[in-house]
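There are 2 protein chains.
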Amino acid sequence: MLVVKKFGGSSVANAERVMNVARIVTDTYREGHDVVVVVSAQGDTTDDLIEKAKEINPKGSKREMDMLLAAGEQISIALLAMAIENMGFPVISLLGWQAGFQTNSTYSSARIKRVNPERIRAALDKRKIVVVAGFQGLNRYEDVTTLGRGGSDTSAVAIAAAMHADLCQIYTDVEGVYTADPRKVPDARKLQEITYDEMLELATLGAQVLNNRSVEMAKKYGVELEVLSSMKAVPGTKVKEVAKMEEMLIKGVAKDTNVARVMIVGLPDEPGIAFKIFSRVAKAHINVDIILQSVGRDGTKDITFTVPQDKGDEAVAALQEYCDMVGAKSLSYDTSVAKVSVVGAGMETHEGTASLMFEALAAANVNIQMISTSEIKVSVLIAAEDADRAVSAVHKAFFEA
Amino acid sequence: MLVVKKFGGSSVANAERVMNVARIVTDTYREGHDVVVVVSAQGDTTDDLIEKAKEINPKGSKREMDMLLAAGEQISIALLAMAIENMGFPVISLLGWQAGFQTNSTYSSARIKRVNPERIRAALDKRKIVVVAGFQGLNRYEDVTTLGRGGSDTSAVAIAAAMHADLCQIYTDVEGVYTADPRKVPDARKLQEITYDEMLELATLGAQVLNNRSVEMAKKYGVELEVLSSMKAVPGTKVKEVAKMEEMLIKGVAKDTNVARVMIVGLPDEPGIAFKIFSRVAKAHINVDIILQSVGRDGTKDITFTVPQDKGDEAVAALQEYCDMVGAKSLSYDTSVAKVSVVGAGMETHEGTASLMFEALAAANVNIQMISTSEIKVSVLIAAEDADRAVSAVHKAFFEA
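Taken in order, these protein sequences are the chains called A and B. Note that this note's numbering has the first sequence beginning at 195, numbered continuously upward. Note that this note's numbering has the second sequence beginning at 195, numbered continuously upward.
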């Protein structure tokens, strides 16, 4: 069996943890499996390097920033390889480019174009454990690129896809995917299995277990994922195409506070207004999530939509000129909001998921500002201060009934 | 004019110093020159990385150690490039392999096989300042290698040689090459020029201004070097094939305390003994410097020679069996010695250099244990505790007469 294992920065933060990872890896190798390990930079290394750069140039080019940050994983792969050597196992570390990661040239958030796993394969053939630097690759100009935050998950899935690995294990500081954040909701349950689509909704909605791009890639190439703990040797949560029905209507309740609500009041009620608004937002490379349009009694209309919190300024800037031109009454944004969602493939066949959620929120006295639904989720926008209370109330309604 | 500039770890130790280097570099660029800058890892980075590795595995493989250490220069080139960007100049940083450094596979002390400066040339053609990671390269297996301590000097000279640079400037924390260590001998004078051969003797003898390999390479390819200060903008010392005669008999007085004296007493007085001794030492990859052989009155002979201080143990280990076999009376080594030398191409044509040195040592009451001479130097082995006093006395005799 070929297993790809990925460990994040906190799993390799110091000598002790690096040795712990070496034990997990060599245990699997000893069982006779081929093992490829993808690691991130140690603990705060990336932040420390960013800090160093800012001291010298607050606006250094992204190319040089990628050159700088890629040093972080270089350190961690060498240290992990030495820890594995110390336990007496054959091992080799490979940088992103040595492992065959070819990316486009969008420095700081490059996309993997393909993985050419020749060197990985050659090393596995020699029965070596292969330690690969996550988060980094090489573009067509032979410049070092990075995949952006969370990119190591994607690196691991990309290797698993390119090599048709049997399993891609993502080690984190939680034991798996839960029905809600276990630090906030004590009754949250760990899921045995979840589908790619459910996981995607949960990741997008701020569950922060897996990087979104990595789940998309796993779905596309049919890579079976497992989310599990690097500290506790218990089974995690499997992410796959079809998950076992666990007699649960929904899989989880997620909270996302990285949201800003943009409001345009008093737009003329004419055709094509929405198109003009959202094409301007799209041109500014801002993702829009929930959209609400309402017609007022005075014959004008209001448009409200949500964007990532740090894009509120940019969204307003992109729309200011247009709103002035058409004589909108006001254009503003508000960051004191949060999105709470329930996710589950099962809700397609069950009516009443939304109403059960709304009932729970009403009982908890949480006011709903906006609503958005898809086949496998229901999201509501509420005041940020109500978010934790809303998650608990909704979780209780679905899982503790 | 194409100028290669090299800055060591202390010259880029923090943000302020990185910005200072950026100023020096851009000043030269502004004068219309093409500039390639070679930098080492910041300050203690290399030592810190070694420390991290030791915590995990005191005997990590050299391959992984090179992978680890190469991250150090990666950080410094990115930071320096960002500092130059911040001053508004076009710049690009390149890792050893990107700059075309091909080495052999002796990890930790790789030799440069060739430099393929295509990318450097392309960047210079676009009028960019090119910042190159010193100390590192790539072997034929596409693995990262390092050149060993002081290797960044060699990197700079190799680029200068490959690109036929007009000048290779090595920036240090001293203002140039002195007639003696200026921290120990207040009257030491800075030299305007010195020949490669003289510099080689001084480097070998512990003057610690330039890495030896870099001077050898500069001599071989006729690269004109300049040693100068990164803190004070004054002319340094030029190192070239023929140096101006500055009416000095010698160029400098150097002290080397990295010496151990190995003594074998009571060897049989037969032909071939010396060959058998030194072939064993050579097989153990230990460099021998001064050799003294003497025949005792009892028909046995003694052999004494010097090796680098940390090789004393190994030298004795390499000889123990043989010495036992031939019945030598004793085999031991002593590290409380130092080598003091005078160096200068001028002494070839002057008799009396050695006698002037011996006279000065005698007047200072310094006992000479061993003597070695070449065309351009005279070295004596003395007690380590006498070394500083000996240097002062000899320097006074030659320069303050």
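For each residue, glycine too, the CB sits at the ideal point set by N, CA and C. From a predicted model like this one, the values you see are computed outputs, not experimental measurements.
For residue i, count neighbouring C-beta atoms within 10 Å of its own C-beta (all shown protein chains included) and say buried if the count is 16 or more, exposed if not.
i: Phe469(A); result: exposed
i: Asp518(B); result: exposed
i: Val521(A); result: Looking at the sequence shown, residue 521(A) is not Val but Gly. Gly521(A) is exposed by the Cβ-count criterion.
i: Met251(B); result: Checking the sequence shown, residue 251(B) turns out to be Asn, not Met. Flag for Asn251(B) reads buried.
i: Gln363(B); result: buried
i: Asn333(B); result: buried
i: Met551(A); result: buried
i: Tyr365(A); result: buried
i: Glu594(B); result: exposed
i: His479(A); result: exposed
i: Ala277(B); result: buried
i: Met195(B); result: exposed
i: Pro429(A); result: exposed
i: Asp319(B); result: exposed
How about residue i: is its C-beta nearer than 8 Å to some C-beta of chain B?
i: Gly254(A); result: yes
i: Lys246(A); result: yes
i: Met213(A); result: yes
i: Glu336(A); result: yes
i: Gln292(A); result: yes
i: Gln487(A); result: no
i: Glu279(A); result: yes
i: Ile364(A); result: no
i: Ile353(A); result: no
i: Ala356(A); result: no
i: Ala207(A); result: no
How about residue i: is its C-beta nearer than 8 Å to some C-beta of chain A?
i: Leu341(B); result: no
i: Gln296(B); result: no
i: Ala272(B); result: yes
i: Glu312(B); result: no
i: Leu243(B); result: yes
i: Ser287(B); result: yes
i: Glu418(B); result: no
i: Leu262(B); result: yes
i: Ile646(B); result: In the structure as shown, chain B begins at 195 and stops at 595. Residue 646(B) is therefore absent and cannot be evaluated.
i: Ile218(B); result: no
i: Asn251(B); result: yes
i: Ala275(B); result: yes
i: Ala304(B); result: no
i: Ala265(B); result: yes
i: Glu258(B); result: yes
Of all the options the options, which has the alpha carbon lying nearest to the alpha carbon of residue i?
i: Val572(B); options: Gly538(B), Val417(B), Gly506(B) and Tyr390(B); result: Gly538(B)
i: Asn604(B); options: Asn559(B), Lys414(B) and Leu394(B); result: Not covered by the structure: residue 604(B). The range shown for chain B is 195 to 595.
i: Lys199(B); options: Ser299(B), Ile353(B) and Gln330(B); result: Ile353(B)
i: Asp504(B); options: Pro465(B), Thr547(B), Val453(B) and Phe552(B); result: Val453(B)
i: Tyr390(A); options: Glu410(A), Ile244(A), Lys378(A) and Ile314(A); result: Glu410(A)
i: Leu385(A); options: Val379(A), Glu392(A) and Thr373(A); result: Thr373(A)
i: Lys432(A); options: Asp360(A), Glu249(A), Met261(A) and Thr500(A); result: Asp360(A)
i: Ala577(B); options: Leu262(B), Pro380(B) and Val534(B); result: Val534(B)
i: Ile467(B); options: Val482(B), Lys495(B), Lys477(B) and Thr451(B); result: Lys495(B)
i: Ala275(B); options: Ile244(B), Met261(B) and Arg217(B); result: Arg217(B)
i: Ala207(A); options: Lys248(A), Pro465(A), Met564(A) and Ile269(A); result: Ile269(A)
i: Thr547(A); options: Thr529(A), Val588(A), Leu525(A) and Arg583(A); result: Val588(A)
i: Ile562(A); options: Thr348(A), Ile570(A), Asp580(A) and Glu569(A); result: Asp580(A)
List the DSSP bridge partners of residue i.
i: Glu594(B); result: DSSP lists no partner for Glu594(B).
i: Lys200(A); result: Val232(A) and Ile364(A)
i: Arg455(A); result: Thr500(A) and Asp528(A)
i: Gln296(A); result: Arg308(A) and Leu332(A)
i: Glu420(B); result: Gln363(B) and Lys432(B)
i: Pro462(A); result: Thr494(A)
i: Met564(A); result: Leu575(A)
i: Val447(A); result: Val536(A)
i: Lys320(B); result: Lys320(B) pairs with nothing; no bridge assigned.
i: Tyr610(B); result: Lying before the first or after the last residue shown, residue 610(B) is absent from chain B, which here runs from 195 to 595.
i: Ser287(A); result: Val325(A)
When you measure from the CB of residue i to every non-hydrogen atom of the ligand HEM, does any distance come out below 7 Å?
i: Ala522(B); result: Summarising the ligand content, the structure contains no ligands, and the ligand HEM is consequently not present.
Hey, which unbroken runs of the alpha helix (DSSP H) at 4 residues or more fall wholly within the stretch 475-546 of chain B? 506-520
Ranges of the beta strand (DSSP E) found wholly within the stretch 219-285 of chain B, counting only runs of at least 3: Within the stretch 219-285 of chain B, the complete beta strand (DSSP E) runs of at least 3 residues are 228-233.
Length-filtered (3 minimum) beta strand (DSSP E) runs lying within the stretch 386-415 of chain A: 387-389, all fully within the stretch 386-415 of chain A.
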